[in-house]
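Remarks on the structure that follows.
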Amino acid sequence: MLGRTAQNLFWLSRYVERAENMARLLEVGYKMSLTSRREGGEAEHLVSMMQAAEVDEAFEKTGRVADVDTVAHFMVFDEENPSSVKSCLMAARTNARSVRTAITSDMWQSLNAAWLEFSQIKPRDVRGARLLGLLQWVRQRSHEFRGALLGTILRNDGFAFSQAGNFVERADNTARILDMKYFVLLPRADLVGGDLDIQQWTLILRAASAHRSYRHVYHDRYKARNIADFLILKPEMPRSLIFCAGMIRDTLGTLADLYGQRLVCHDVVDDLCAMIENTSMEEIFAHGLHEFLTEFIERNNRVTECLSESYNFY
Amino acid sequence: MGDATPFDEMHNPDGTVREPYRALAQWIEAQPENGLSLMQADAEGIFRKLGITFAVYGSDEGTEKLIPFDVIPRIISAAEWRKLSRGIEQRVRALNAFLHDIYHRQEILKAGRVPAKLILNNAAFCPDMMGVDPARGVYSHIIGVDIVRVGPDEFYVLEDNLRTPSGVSYMLEDREAMMQLAPDLFQRIKVAPVETYPENLRRTLESVAPANVTGTPSIAVLTPGIYNSAYFEHSFLADQMGAQLCEGQDLFVDGGKVYMRTTTGPERVDVIYRRIDDDFLDPLTFRPDSMLGVPGLFNAYRAGNVTLVNAPGTGIADDKAVYTYVPAIIEFYLGEKAILSNVPTYNCTDDDQRAWVLENIGDLVVKEVHGSGGYGMLVGPTSTKAQQAEFKKKIEARPDNYIVQPTLALSTCPTYVNAGIAPRHVDLRPYVLVGDEIRITPGGLTRVALKKGSLVVNSSQGGGTKDTWVLED
Numbered sequence: 001m002l003g004r005t006a007q008n009l010f011w012l013s014r015y016v017e018r019a020e021n022m023a024r025l026l027e028v029g030y031k032m033s034l035t036s037r038r039e040g041g042e043a044e045h046l047v048s049m050m051q052a053a054e055v056d057e058a059f060e061k062t063g064r065v066a067d068v069d070t071v072a073h074f075m076v077f078d079e080e081n082p083s084s085v086k087s088c089l090m091a092a093r094t095n096a097r098s099v100r101t102a103i104t105s106d107m108w109q110s111l112n113a114a115w116l117e118f119s120q121i122k123p124r125d126v127r128g129a130r131l132l133g134l135l136q137w138v139r140q141r142s143h144e145f146r147g148a149l150l151g152t153i154l155r156n157d158g159f160a161f162s163q164a165g166n167f168v169e170r171a172d173n174t175a176r177i178l179d180m181k182y183f184v185l186l187p188r189a190d191l192v193g194g195d196l197d198i199q200q201w202t203l204i205l206r207a208a209s210a211h212r213s214y215r216h217v218y219h220d221r222y223k224a225r226n227i228a229d230f231l232i233l234k235p236e237m238p239r240s241l242i243f244c245a246g247m248i249r250d251t252l253g254t255l256a257d258l259y260g261q262r263l264v265c266h267d268v269v270d271d272l273c274a275m276i277e278n279t280s281m282e283e284i285f286a287h288g289l290h291e292f293l294t295e296f297i298e299r300n301n302r303v304t305e306c307l308s309e310s311y312n313f314y
Numbered sequence: 001m002g003d004a005t006p007f008d009e010m011h012n013p014d015g016t017v018r019e020p021y022r023a024l025a026q027w028i029e030a031q032p033e034n035g036l037s038l039m040q041a042d043a044e045g046i047f048r049k050l051g052i053t054f055a056v057y058g059s060d061e062g063t064e065k066l067i068p069f070d071v072i073p074r075i076i077s078a079a080e081w082r083k084l085s086r087g088i089e090q091r092v093r094a095l096n097a098f099l100h101d102i103y104h105r106q107e108i109l110k111a112g113r114v115p116a117k118l119i120l121n122n123a124a125f126c127p128d129m130m131g132v133d134p135a136r137g138v139y140s141h142i143i144g145v146d147i148v149r150v151g152p153d154e155f156y157v158l159e160d161n162l163r164t165p166s167g168v169s170y171m172l173e174d175r176e177a178m179m180q181l182a183p184d185l186f187q188r189i190k191v192a193p194v195e196t197y198p199e200n201l202r203r204t205l206e207s208v209a210p211a212n213v214t215g216t217p218s219i220a221v222l223t224p225g226i227y228n229s230a231y232f233e234h235s236f237l238a239d240q241m242g243a244q245l246c247e248g249q250d251l252f253v254d255g256g257k258v259y260m261r262t263t264t265g266p267e268r269v270d271v272i273y274r275r276i277d278d279d280f281l282d283p284l285t286f287r288p289d290s291m292l293g294v295p296g297l298f299n300a301y302r303a304g305n306v307t308l309v310n311a312p313g314t315g316i317a318d319d320k321a322v323y324t325y326v327p328a329i330i331e332f333y334l335g336e337k338a339i340l341s342n343v344p345t346y347n348c349t350d351d352d353q354r355a356w357v358l359e360n361i362g363d364l365v366v367k368e369v370h371g372s373g374g375y376g377m378l379v380g381p382t383s384t385k386a387q388q389a390e391f392k393k394k395i396e397a398r399p400d401n402y403i404v405q406p407t408l409a410l411s412t413c414p415t416y417v418n419a420g421i422a423p424r425h426v427d428l429r430p431y432v433l434v435g436d437e438i439r440i441t442p443g444g445l446t447r448v449a450l451k452k453g454s455l456v457v458n459s460s461q462g463g464g465t466k467d468t469w470v471l472e473d
């Protein structure tokens, strides 16, 4: 397989996952801004959502004032925002076109149809309920693409590269959401969270599509420690750091088996997993949650770098 | 040739159906009233699903267009095809011999049969190819010959495409669509298959691998990338042949040998079916600003370590100014008369001919020597006075930049249009493969001008395609 083909498959999956995550983040930010009763609260929620998405600086450059309309446009339609839904769909489709011979027609048709439908939408028409409808549509399209991929692609090196892209992106996204709000998750003397805290925690869980499954796992009301535990250390949670890191390791393991060779990227992903596999929330809090997450994001980035080097992406 | 009623491929002048079309005519007759219009709608769905599109230059990303497909096939009898294929084979043999001669001893120039000035000062002449010996002596391996018909027994070659002809994927997809739409027709009528093309292409490419290659040669299709208008075809052909689809950045040259960058390291490449133009092949030899090519590729080629298909410099044999000499070229190398005729062509650098051309421009077709795709040309009878004046000025300013031909009454073929079935002008591009042997796919791509009366069949200008049937005896 050409190194470029591997690279295209990796980024194709990353961009589809990112489009979905951006839609989810915006949905949360939008809903939070609606429920805010404080003066200036609306903009605050939107800005902190953009910080989690790491697009706040790009937004500032547009010179616009953050409100629901400007932020929604920026997150969904703005091509100046490299992580907007539109930019992600375009990048995913471009990567897919480059590897038409390496993806199945079901995958191509799913992505192509999503793009064609999306390009029919006029930004002007998307407000309020229609915005939420559009964001749900983005998530569904992402699910459909993943379904087409899992149902039709050959389980060879190409599959491994696309899975790696999917889970590197998801791990990065979950870590950023946590890091953005890490201060509200820190253990404090007053163990009962106030209204504001509960609101913030809901935001974190919703952004990871985890607010329902939380109840099934913990049978308890929202608590900071549990939320952190859920999104970092629970292996059954498919967006948790430990789950994603495990998937990346398995995937790279498949490549080592296929190619008969272990490379630098395999050591790097072991480092990533080691951070979370033999630890507890107590230890993580003792070490510092923010420090922990920063380190995780860095090691996760190293995985992409080393993957590129090991398998000749360019 | 100019004013006569155009030759109708399906009907005799008395209105009866010509023999090759008899079974088709009966079939059309037997269709329910809206049968063809339903078929036409189904066809669109099939093409969209297959994802066959071409990008229109200058249009937004994501607006790839479908080339219109017409459901009524164009039919060529076995006898007609025998003559055509003999003529085509003769032509490609002579043109490859001409290329070998031009890049070696230049006997034809010494003999004065083709003016040396026309070749040596021509932008399409590639001095870097002098003395290079391609595998099996073949320069142009993949050729599309544009042919028009003006009478029952009158075919003209309009143009030889010896560089990187495109469109073959439409020939293949048209057949696939037609078989899905009307399988019963193929039961009644014995049509020569075209599906062998990808296999024959692969065999041709393997047969011209460098002599020192042992085992199965490694083949790559080199594309300029996803923004090229023919990208679909590049990926389609790579897929059908099981070859690697590469961009320039995927290949590199080391020690005079070509490799592709794979996930497990460099892998040797023996044959490159390149779909990028000569100028962009190798920034070290040709255009230094090329981002599409592979630095050092030409030297690897010259050293005999890789085969380029088609060879660089083949454009000198399909240059519009050289075209007029093709009958002489056939005689010179093969000692035979040309089986297929050239369209009479006026030379504007000759004072008398130019004067006559300027006088009669309204009846003539003017083509830019280096133009393609139907751009930069004037079709006299359908042009405005202003357009004619503009071209007169252009010809006077640069007479060597234009060739002029009479307006041919291209044959028409019944075509499904809004108003029902109506005659539309067609041309034909058969595809030829030259390697260990010459393989011509029966039929080719029929392009049809969908606008009433239009003679321009190019897809960029409102042309469509038809499935092309060669009947088996």
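Quick note, the sequences are listed as chains A and B, same order.
Quick note: the first sequence uses full-length UniProt numbering, first residue 1, plus one each step.
Quick note: the second sequence uses full-length UniProt numbering, first residue 1, plus one each step.
Positions of the beta carbon are idealized from the N, C-alpha and C atoms, including for glycine.
Backbone secondary structure at residue i - three-state DSSP
i      : result
A:F296 : helix
B:V457 : coil
B:D467 : strand
B:R447 : strand
B:V271 : strand
B:H11  : strand
B:P210 : coil
B:G151 : strand
A:G40  : coil
B:G144 : strand
B:L408 : coil
B:L120 : helix
Test: residue i CB closer than 9 Å to a CB of chain A
i                      : result
B:R188                 : no
residue 561 of chain B : No answer is possible for residue 561 of chain B: the residues shown for chain B start at 1 and end at 473.
B:L245                 : yes
B:R275                 : no
B:T5                   : no
B:G265                 : yes
B:R261                 : yes
B:Q249                 : yes
B:K451                 : no
Limits of the alpha helix (DSSP H) - the one that residue i falls within
i      : result
A:C273 : V264 to E277
A:F74  : V68 to V76
B:P266 : No alpha helix (DSSP H) holds B:P266; the beta strand (DSSP E) holding it covers G265 to R268.
B:P198 : Y197 to S207
A:I177 : D157 to M180
B:I440 : No alpha helix (DSSP H) contains B:I440, which is instead part of the beta strand (DSSP E) from I438 to I440.
Limits of the unbroken beta strand (DSSP E) element including residue i
i                      : result
B:V366                 : L364 to E368
residue 475 of chain B : In the structure as shown, chain B begins at 1 and stops at 473. Residue 475 of chain B is therefore absent and cannot be evaluated.
B:L428                 : G420 to R429
B:F69                  : F69 to I76
B:Y416                 : T412 to V417
Whole-Å CB distance - residue i paired with residue j, under 8 Å assumed
i                      : j      : result
A:A43                  : A:A66  : 5 Å
residue 323 of chain A : A:V138 : Summary: the structure shown does not reach residue 323 of chain A, with chain A confined to residues 1 through 314, and so no result is reported for it.
B:V432                 : B:I76  : Not confirmed; about 16 Å, so no contact.
A:F145                 : A:V16  : 5 Å
B:V148                 : B:D427 : 5 Å
Any C-beta of chain B under 9 Å from that of residue i
i      : result
A:Y15  : no
A:R262 : no
A:L12  : no
A:G3   : yes
A:S98  : yes
A:N312 : yes
A:D157 : yes
Buried or exposed by the 16-neighbour rule on C-beta atoms within 10 Å, applied to residue i
i                      : result
A:K86                  : buried
B:Y402                 : buried
residue 315 of chain A : Beyond the ends of chain A as shown, which are 1 and 314, falls residue 315 of chain A; an answer cannot be given.
B:Y227                 : exposed
Quiz prompt | Residues in the region 212-240 of chain B having any Cβ partner in chain D nearer than 7 Å | solution = The question asks about chain D, but that chain is absent: this structure's protein chains are A and B.
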